[in-house]
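Here it is as structure tokens:
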């Protein structure tokens, strides 16, 4: 009897081992060529590259990531995906997902995403942002809403409570602004682009009741848009030099180097401010959701499967495997161990004891509190990048003083939008 | 005899054929695309005649880009030629042979630097808070100087970098041209107690008219291709204050809207304008 049981266990084990080996071999042979990825620089991706051999063992091929900054990455991926298709995987974001998906430049992710990597584990907001037209298109790399990060030491010294309303924010920024002492009240983005100055302007527009369309017609020149723009321009008087044509790098750089009192930015900044390697204000920062009525700009970036460079199912599956592996729980735990809180997207990781041990309770609580303020601010349409970029140009002209008439700028945008919608 | 006459054509034909293919194929392709309504997301759009061209002349950014391109050409070409002639003459008059050779070597360095690298280096140098160039202003006034964010100063800041790259190089060329001139007219003028500026204003520079005009045309063509410098330093901003025609065409084609047909029509207009303006200038200056 014992022998029979042992025999059955042994034979079952052999079958299981054979099945596992078979699966591993099948998976190992999944990729024929190096997986080419076009992305923008992320600490998590630099870390990921040190595990190239691991992916090679898993799939049979390695991977190569080409990096471009956000603006260049957007234009390069658009040009590449629509023409030559050199990349198997594209780094996409909330702003261009509709364009890429509706143009057929990327494939539905879940058709090629191995189930064992558990897509459902991703934060619900990230999943929603990755969804367009009822299908999921990318595996999230980072995302979230907006968070207000402030200098506790400066606010305490000035006797100011952390602002919870826009009026309080404006008063605090004006009071804290002291360029002679090297301190600027707030840091904003001025650089043209739907994902740059327009992205930071949108919370004011939506928060003040602005709508992109009213009764199906563009409403970009509404009173809310005028008020939002005037408020943004007013606050820009307190933003450090260099940010008038700057983006994320410039405004967060100014804050991290200790020159700015308050900043409202995308949530990954919060974790970066606590990283001694990147921040000079580690022990001096506090976190709160954006002041009311500002709406946090919900966003997510992630990896999508290119269609041109992956001509058959095997290639699509290989790209899907890479996207799944690169955003897996195991990779996120590695990022967590490296202190990269800004690039964590899985509930199981953010809720893990390791996360609390690394970042304490203040940051997770602040991040959780931003959820109720987060909204989709942009127009979820394939034509959004074109419209957003057009407004980005006009807004940069207003910020730099090249033009001064806000209403005329918005009227011009409205005419552009009417034409765009009519085509 | 006949063999001797046909030999040059035997050598010329393959080169000319390659040149024609390389130059004409992209040109006709651009003209063809410019007559269509293609975008990156809609590559199969059909022909729309001259609609892109009509639209262009009602586009304020296109008209602004034309104006910025014209300003860019005038500023960079004139500044480079003035600096090249001034510095070249100064070295010719003041520096001894060994010093001249050393200076020539140093002056060649900027132009050897890849344009994108130079643009990045100077972008940091112009940084309002940390830049080397803006430091004296900060030190004197206590306020930052943000030239690249100023619509009035940004174009001059970028032009300064262009001048830094090409002005020194052209100065070396002017010096070598001066050295190659026959010494007798200069010596005769010196014997007649002509001052140095008189020697150059009335003798050497008129003698160098033809090569200087050629140099100016080289710089005019080079200035038309300053896309990389502007892209890295300002991306056409702040606003549209440094948005030249090639920068705007690229923005429309690949950054903002994916309108490749519209961008091609701008390229065609730029090509035609360049051919016409350069031909007229060349004929007038040669006369």
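Protein chains in written order, with our numbering: chain A, 1 to 423; chain B, 1001 to 1287.
Glycine included, C-beta positions come from ideal geometry on N, C-alpha and C.
Query raised in the report: Using DSSP with H/G/I as helix, E/B as strand and the rest coil, what is residue 1099 of chain B?
Result: By one-based count along the second chain, residue 1099 of chain B stands at place 99. Helix at residue 1099 of chain B.
Query raised in the report: Quick one, which residues of the stretch 243-259 of chain A are near chain B if we go by CB-CB under 7 Å, in chain order?
Result: Taken in chain order, the members of the stretch 243-259 of chain A whose beta-carbon sits within less than 7 Å of a beta-carbon on chain B are 244 and 245.
Query raised in the report: How big is the Cα-Cα spacing for residue 407 of chain A and residue 44 of chain A?
Result: The sequence position of residue 407 of chain A within the first chain is 407, counting from 1. The sequence position of residue 44 of chain A within the first chain is 44, counting from 1. Computed Cα separation, rounded: 43 Å.
Query - Residue-level contact to chain B via CB, residue 218 of chain A, 8 Å cutoff - result: Taking the first chain and counting its residues from 1, one reaches residue 218 of chain A at position 218. Answer no: the Cβ-Cβ gap between residue 218 of chain A and chain B never drops below 8 Å.
Query raised in the report: Which of the residues in the stretch 1249-1268 of chain B, read from start to end, lie with their CB under 7 Å from any CB of chain A?
Result: Shown in chain order are the members of the stretch 1249-1268 of chain B whose Cβ falls below 7 Å from a Cβ of chain A: 1254, 1255, 1256, 1257 and 1258.
Report task. With distances taken Cα to Cα, identify the nearest neighbour of residue 1291 of chain B among B:1148, B:1020 and B:1188. Result -> Only positions 1001 to 1287 of chain B appear in this structure, which leaves residue 1291 of chain B out of reach.
Requested in this report: Along the alpha helix (DSSP H) that carries residue 1275 of chain B, what are the first and last residues, could you check?
Outcome: Start at 1 with the first residue of the second chain, and residue 1275 of chain B comes out as number 275. Judged by DSSP secondary structure, residue 1275 of chain B falls within the alpha helix (DSSP H) whose first and last residues are 1260-1286.
Query - Validate contact between the stretch 223-230 of chain A and the stretch 278-286 of chain A using beta carbons, cut 8 Å, 3 pairs - result: Output reads no: the stretch 278-286 of chain A does not touch the stretch 223-230 of chain A.
Query raised in the report: Do you know how far the Cα of residue 272 of chain A is from the Cα of residue 23 of chain A?
Result: As a working note, residue 23 of chain A is residue 23 in the first chain. As a working note, residue 272 of chain A is residue 272 in the first chain. At residue 23 of chain A, the pLDDT of 43 sits below 50, so the modelled position is not reliable; the number obtained from the coordinates is stated separately. Going by the C-alpha atoms only, they are around 40 Å apart.
Query raised in the report: How far does the alpha helix (DSSP H) with residue 249 of chain A in it reach, from first residue to last?
Result: Here residue 249 of chain A corresponds to residue number 249 of the first chain, with the count starting at 1. If you look at residue 249 of chain A, you'll find it in the alpha helix (DSSP H) that goes 248-256.
Requested in this report: Determine, using beta-carbon pairs with one atom in the stretch 1205-1216 of chain B and one in the stretch 1056-1074 of chain B, whether at least three such pairs fall under 8 Å.
Outcome: Counting Cβ pairs under 8 Å, fewer than three are found: no touch.
Query raised in the report: Hey, residue 291 of chain A and residue 131 of chain A: beta-carbon distance below 8 Å or not?
Result: Taking the first chain and counting its residues from 1, one reaches residue 291 of chain A at position 291. Taking the first chain and counting its residues from 1, one reaches residue 131 of chain A at position 131. In this structure, residue 291 of chain A lies away from residue 131 of chain A, with their beta-carbon atoms at least 8 Å apart.
Requested in this report: Output the residue ranges of the alpha helix (DSSP H) runs that lie fully inside the stretch 146-200 of chain A and measure 4 residues or longer, sorted by chain position.
Outcome: Runs of the alpha helix (DSSP H) spanning 4 or more residues and lying entirely within the stretch 146-200 of chain A occur at 152-158 and 166-176, in chain order.
Query raised in the report: With 16 as the cutoff for other CB atoms within 10 Å, does residue 345 of chain A come out buried or exposed?
Result: As a first step, residue 345 of chain A is located in the first chain; it is residue number 345 there, counting from the start. Classification of residue 345 of chain A: buried, given that the 10 Å Cβ count is 16 or more.
Query - For residue 281 of chain A, the three-state DSSP class (helix, strand or coil) - result: Here residue 281 of chain A is taken as the residue at index 281 of the first chain, counted from 1. Three-state result, residue 281 of chain A: coil.
Query raised in the report: Thinking C-alpha only, which one of A:146, A:113 and A:138 is nearest residue 207 of chain A?
Result: Locating residue 207 of chain A in the first chain gives position 207, where the first residue counts as 1. Nearest to residue 207 of chain A by alpha-carbon distance, out of A:146, A:113 and A:138, is A:146.
Query raised in the report: According to DSSP, what are the bridge partners of residue 1080 of chain B?
Result: The residue given as residue 1080 of chain B occupies position 80 in the second chain. Its beta-bridge partners do not exist; DSSP assigns none.
Query raised in the report: Can you tell which of B:1073, B:1217, B:1141 and B:1100 has its C-alpha closest to the C-alpha of residue 1179 of chain B?
Result: To locate residue 1179 of chain B, count along the second chain from 1; it is residue 179. Nearest Cα to residue 1179 of chain B within the set B:1073, B:1217, B:1141 and B:1100: B:1100.
Requested in this report: Please list, in chain order, all residues of the same chain as residue 27 of chain A whose beta carbon is under 7 Å from its beta carbon, the five residues on each side excluded.
Outcome: Position 27 of the first chain holds residue 27 of chain A. Residue placement at residue 27 of chain A cannot be trusted, given a pLDDT of 47 that sits under 50; the coordinates are not used to answer.
**Report entry** Outcome for residue 1250 of chain B when other beta-carbon atoms lying within 10 angstroms are tallied against a minimum of 16
**Finding:** Indexing the second chain from 1 puts residue 1250 of chain B at position 250. Around the beta carbon of residue 1250 of chain B, 16 or more other beta carbons lie within 10 angstroms, which makes this residue buried.
Query - Contact with chain B by residue 413 of chain A, beta-carbon distance below 8 Å - result: Taking the first residue of the first chain as position 1, residue 413 of chain A is located at position 413. Using beta-carbon distances, residue 413 of chain A does not count as an interface residue toward chain B, since no partner is under 8 Å.
**Report entry** Cα-Cα separation between residue 1217 of chain B and residue 1079 of chain B, rounded to whole angstroms
**Finding:** Counted from its first residue, the second chain places residue 1217 of chain B at position 217. Counted from its first residue, the second chain places residue 1079 of chain B at position 79. Using only the alpha carbons, I get a separation of about 14 Å.
Query raised in the report: Leaving out the 5 sequence neighbours to the left and right, which residues in its chain are closer than 7 Å to residue 25 of chain A when beta-carbon positions are compared?
Result: The residue you call residue 25 of chain A lines up with position 25 of the first chain. Model confidence at residue 25 of chain A stands at a pLDDT of 40, short of 50, so the residue's coordinates are unreliable; what they give is reported in the following sentence. For residue 25 of chain A, where only same-chain residues beyond five positions count, there are no Cβ hits under 7 Å.
Query raised in the report: Are the C-beta atoms of residue 1088 of chain B and some chain A residue less than 8 Å apart?
Result: Counting from 1 along the second chain, the entry for residue 1088 of chain B is found at position 88. No, residue 1088 of chain B does not count as interfacial toward chain A.
Requested in this report: Take residue 243 of chain A and list the residues in its own chain whose beta-carbon comes closer than 7 Å to its own, dropping the five residues that flank it on each side.
Outcome: Position 243 of the first chain holds residue 243 of chain A. Setting aside the 5 residues that flank it on each side, residue 243 of chain A is surrounded in the same chain by 187, 188, 189, 190, 250, 251 and 254, each with a C-beta closer than 7 Å to its C-beta; the list follows chain order.
Report task. Answer yes or no: does any C-beta atom of chain B fall closer than 8 Å to that of residue 292 of chain A? Result -> Here residue 292 of chain A refers to the residue found at position 292 when the first chain is read from its first residue. Closer than 8 Å: no.
Requested in this report: With DSSP collapsed to three states, give me the class of residue 301 of chain A.
Outcome: Against the first chain, residue 301 of chain A aligns to sequence position 301. Residue 301 of chain A falls in the strand class under three-state DSSP.
Query raised in the report: Within 8 Å (strictly less), CB to CB, does residue 311 of chain A reach chain B?
Result: In the first chain, the residue the question calls residue 311 of chain A occupies position 311. It does not; no Cβ of chain B falls within 8 Å.
Query - Continuous beta strand (DSSP E) stretch holding residue 89 of chain A: start and end - result: Numbered from its first residue, the first chain carries residue 89 of chain A at position 89. It spans 89-93 - the beta strand (DSSP E) in which residue 89 of chain A sits, taken as one unbroken run.
Report task. Tell me, to the nearest whole angstrom, how far the beta carbon of residue 1230 of chain B is from that of residue 1239 of chain B; I am working on the premise that it is less than 8 Å. Result -> Along the second chain, read from residue 1 onward, the residue named residue 1230 of chain B stands at position 230. Along the second chain, read from residue 1 onward, the residue named residue 1239 of chain B stands at position 239. So it is not a contact: roughly 14 Å between Cβ atoms.
Query raised in the report: Any beta-carbon of chain A closer than 8 Å to the one on residue 1167 of chain B?
Result: What you label residue 1167 of chain B is simply residue 167 of the second chain in a count that begins at 1. Residue-level contact check: residue 1167 of chain B does not touch chain A, since none of the beta carbons of chain A fall below 8 Å from its beta carbon.
Report task. Label residue 396 of chain A either buried or exposed according to how many other C-beta atoms from any shown protein chain fall within 10 Å of its C-beta, with 16 as the threshold for buried. Result -> Your numbering for residue 396 of chain A matches position 396 in the first chain. Residue 396 of chain A comes out buried.
Query raised in the report: In the DSSP assignment, what are the bridge partners of residue 217 of chain A?
Result: For the purposes of this step, residue 217 of chain A is identified with residue 217 of the first chain, where counting begins at 1. According to DSSP, residue 217 of chain A bridges with A:214.
Query raised in the report: Do you know whose CA, among A:56, A:65, A:50 and A:42, lies nearest residue 36 of chain A's CA?
Result: Position 36 of the first chain holds residue 36 of chain A. Each of A:56, A:65, A:50 and A:42 was checked against the Cα of residue 36 of chain A, and the nearest Cα belongs to A:65.
Report task. Return the CA-CA distance between residue 421 of chain A and residue 63 of chain A, expressed in angstroms with no decimal places. Result -> One-based indexing of the first chain puts residue 421 of chain A at position 421. One-based indexing of the first chain puts residue 63 of chain A at position 63. Near 40 Å, if we compare the C-alpha coordinates of residue 63 of chain A and residue 421 of chain A.
**Report entry** Three or more C-beta pairs below 8 Å linking the stretch 294-309 of chain A and the stretch 120-131 of chain A
**Finding:** The stretch 294-309 of chain A, when compared against the stretch 120-131 of chain A, does touch it at the 8 Å Cβ threshold.
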